[in-house]
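Working notes, structure below.
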Amino acid sequence: MSENRPLLSMEHIRKEFPGVVVLDDVSFSVEKGEIHGLMGENGAGKSTLIKILTGIYPSDGGQIFVDGKEVDIRSKHDAMSCGISVIYQELSLIPTLTVMENIFLGQELTRGRVFLDKGRMRKRAVELIEKCHFSISPDDLVETLSVAKQQTVEILKALLMNAKLIIMDEPTASLNIQESESLFEIIGNLKKQGTSIIYISHRLEEIWRLADRLTILRDGVVRGVLAKEEIDPAKVVHMMIGKELKETVSQVHEPKKDGSVLKVENLSTRELLDQISFEAYGGQILGIGGLIGAGRTETLECIFGLRDYSEGTITLDGAPVPKSQQQAVRQGIGFVPEDRRQEGLVQLLSVEDNLALPNYDLFSDHGVVSRRKKADAVNRSIKQLRIKTASEKNRCMNLSGGNQQKVVLAKWLLRDLRVLLVDEPTVGIDVGSKSEIYEILRKMADEGGIVIVVSSDAEELLNISDRILMLVDGKVFDDMPNVDLTPDDLLLEASGIYRKERGQ
Numbered sequence: 007m008s009e010n011r012p013l014l015s016m017e018h019i020r021k022e023f024p025g026v027v028v029l030d031d032v033s034f035s036v037e038k039g040e041i042h043g044l045m046g047e048n049g050a051g052k053s054t055l056i057k058i059l060t061g062i063y064p065s066d067g068g069q070i071f072v073d074g075k076e077v078d079i080r081s082k083h084d085a086m087s088c089g090i091s092v093i094y095q096e097l098s099l100i101p102t103l104t105v106m107e108n109i110f111l112g113q114e115l116t117r118g119r120v121f122l123d124k125g126r127m128r129k130r131a132v133e134l135i136e137k138c139h140f141s142i143s144p145d146d147l148v149e150t151l152s153v154a155k156q157q158t159v160e161i162l163k164a165l166l167m168n169a170k171l172i173i174m175d176e177p178t179a180s181l182n183i184q185e186s187e188s189l190f191e192i193i194g195n196l197k198k199q200g201t202s203i204i205y206i207s208h209r210l211e212e213i214w215r216l217a218d219r220l221t222i223l224r225d226g227v228v229r230g231v232l233a234k235e236e237i238d239p240a241k242v243v244h245m246m247i248g249k250e251l252k253e254t255v256s257q258v259h260e261p262k263k264d265g266s267v268l269k270v271e272n273l274s275t276r277e278l279l280d281q282i283s284f285e286a287y288g289g290q291i292l293g294i295g296g297l298i299g300a301g302r303t304e305t306l307e308c309i310f311g312l313r314d315y316s317e318g319t320i321t322l323d324g325a326p327v328p329k330s331q332q333q334a335v336r337q338g339i340g341f342v343p344e345d346r347r348q349e350g351l352v353q354l355l356s357v358e359d360n361l362a363l364p365n366y367d368l369f370s371d372h373g374v375v376s377r378r379k380k381a382d383a384v385n386r387s388i389k390q391l392r393i394k395t396a397s398e399k400n401r402c403m404n405l406s407g408g409n410q411q412k413v414v415l416a417k418w419l420l421r422d423l424r425v426l427l428v429d430e431p432t433v434g435i436d437v438g439s440k441s442e443i444y445e446i447l448r449k450m451a452d453e454g455g456i457v458i459v460v461s462s463d464a465e466e467l468l469n470i471s472d473r474i475l476m477l478v479d480g481k482v483f484d485d486m487p488n489v490d491l492t493p494d495d496l497l498l499e500a501s502g503i504y505r506k507e508r509g510q
């Protein structure tokens, strides 16, 4: 074997589920010290490939080589023995334990057979933290750390197991811009130390910035392996979805004449919000930006009645919006939460049941649910929003992230909504589904609805917003039309710095 052999080589991998070929003759390799991007739409086969590599699924064909030696990975322990570790989007830490305790969980050092050797564990934890230049202490409680710092704890766990290859699944999905920058620096340091990384993301700008190579999957087949200099947005999108995306032209839409108006005045909470005031209009999409902790989600929750506020008023067309979710829904307000899996859906229920949950009043005659009305409405929604599901009886847990988000949107669009509040509409969603979700939001606004979108993605805010409200430390910092704005402008504003051209 040559000394230039790859660290990892997966050759001719095949995987079938009943009636479906999920991976078809997939070959994938990672060099030593390489950052290898992995992209594809939800359902393309990325997760299945990683689950085979980490022993969660057995393959139905093909071979895996680590350092040139064929390996049989049938469990997480087998993967760890091969130096392979994975950091999932949903972190697997115990919040009430310290950094050190989480790092050594399940692999504690002992004195004799009974007593923990906390001194040795702490010394080893400090060595790892200093080696990686992380700004955390082994004695910090994990629940006190930001999401970005919690991810560094996951990385330390991997390094303690002498991981040669770390798989990162959508690592920036819950991070703000500064936290993402810190993670990128950490990834660069890991690469310098010879650690290989498989970087899975739907964010093309991150892949272009970090990856040495990019493998693209579509429908369980490798559609291309690109070197860094070949990573072109149009080419990547075409490989991922098999067609060109319509180019969106930024255009500011004016409010509808005689359209609805949502008015928020002097909204304050005891914890964070401080005299928030703004208006949102029918026919427009209002984007809300700012760093995590700026008060974006809290503002939406106050409007929908999920969070109490100590001062201020919220009115819709002059009528007060009550501090009650039920009353907000009756007034024509819907809310799509940031965490669609835990808060937006009941995963074990079917698509049909999830769509029906807030809408049984629409399907009832004198308190008796009409199955025909329910079935007609559900099938109409599935068709209109192009929800990809085997049937309306399919459980939501079996859908891709993009289709789950469509179900959350669809259940609200069944109602005659006047206001739709959407928190992080496309986190962890592929480019094809993103485009469709943007179309859904735009259509509602074009039909006269008020759409308010919170997003941590500057490009997303610029793509879909007519106006952008920037929050900083619980206050409105700026309210600006989406004219000639750039991602740099939004970053400056989110940091509390006005754009230079305003001369402020």
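Just so it is clear: in the sequence shown, position 225 is 231 by our numbering, and no numbers are missing.
The beta carbon of each residue, even a glycine, is placed where N, CA and C say it ideally should be.
Check: Taking just the CA atoms, how far does L420 sit from V375?; Outcome: 16 Å
Check: Give the secondary structure of I193 by DSSP, where H, G and I count as helix, E and B as strand, and everything else as coil.; Outcome: helix
Check: Using CA atoms only, rank isn't needed, just tell me which of K198, I93, E107 and E133 is closest to V153.; Outcome: I93
Check: Which class does V425 belong to by DSSP, given the choice of helix, strand or coil?; Outcome: strand
Check: Tell me whether S91 sits in a helix, a strand or coil according to DSSP, three-state version.; Outcome: strand
Check: Please determine if the stretch 423-430 and the stretch 369-386 are in contact, where contact requires at least 3 C-beta pairs separated by less than 8 Å.; Outcome: no
Check: Do you know how far the Cα of L405 is from the Cα of T201?; Outcome: 33 Å
Check: Start and end of the beta strand (DSSP E) containing Q69?; Outcome: G67 to V72
Check: Please say whether V258 and D472 have beta carbons closer to each other than 7 Å?; Outcome: yes
Check: How about A179 and Q113: are their beta carbons less than 7 Å apart?; Outcome: no
Check: Starting from M16, follow its DSSP beta bridges and name the residues at the other end.; Outcome: F34 and I70
Check: Is the separation between the beta-carbon of G338 and that of L423 shorter than 7 Å?; Outcome: yes
Check: How about L273 and G301: do their beta carbons lie closer than 7 Å?; Outcome: no
Check: Between which two residues does the alpha helix (DSSP H) holding M174 run?; Outcome: No alpha helix (DSSP H) holds M174; the beta strand (DSSP E) holding it covers L171 to D175.
Check: Can you check the stretch 363-439 for any alpha helix (DSSP H) of at least 4 residues that lies completely inside it and give the ranges in chain order?; Outcome: 377-390 and 407-419
Check: Quick one: what's K234 bridged to in DSSP?; Outcome: Bridge partners of K234: none, in fact.
Check: Is it true that the CB of K57 sits closer than 7 Å to the CB of L44?; Outcome: no
Check: Does the beta-carbon distance from G318 to S330 come in below 7 Å?; Outcome: no
Check: Kindly list the residues whose CB is nearer than 7 Å to the CB of N488, restricted to its own chain and excluding five residues on each side of it in sequence; keep chain order.; Outcome: S256, V258, L468, S471, D472, R473 and I474
Check: Do you know how far the Cα of G293 is from the Cα of L415?; Outcome: 17 Å
Check: For E47, does the three-state DSSP call read helix, strand or coil?; Outcome: coil
Check: For P144, count neighbouring C-beta atoms within 10 Å of its own C-beta (all shown protein chains included) and say buried if the count is 16 or more, exposed if not.; Outcome: buried
Check: Could you give the distance in angstroms between the alpha-carbon of L498 and the alpha-carbon of Q199?; Outcome: 33 Å
Check: Under 8 Å: do the stretch 33-43 and the stretch 13-20 share three or more Cβ pairs, one atom per stretch?; Outcome: yes
Check: Out of E191, H18, E176 and I79, point me to the one whose CA is closest to G67's CA.; Outcome: H18
Check: Give me the Cβ distance between L306 and V457, rounded to the nearest whole Å; I'm assuming they're in contact under 8 Å.; Outcome: Contact flag wrong, Cβ pair sits at about 12 Å.
Check: For S81, collect the residues of the same chain with a Cβ closer than 8 Å to its Cβ; drop the 5 residues on either side in sequence, then sort them by chain order.; Outcome: G61
Check: Is DSSP giving D359 helix, strand or coil here?; Outcome: helix
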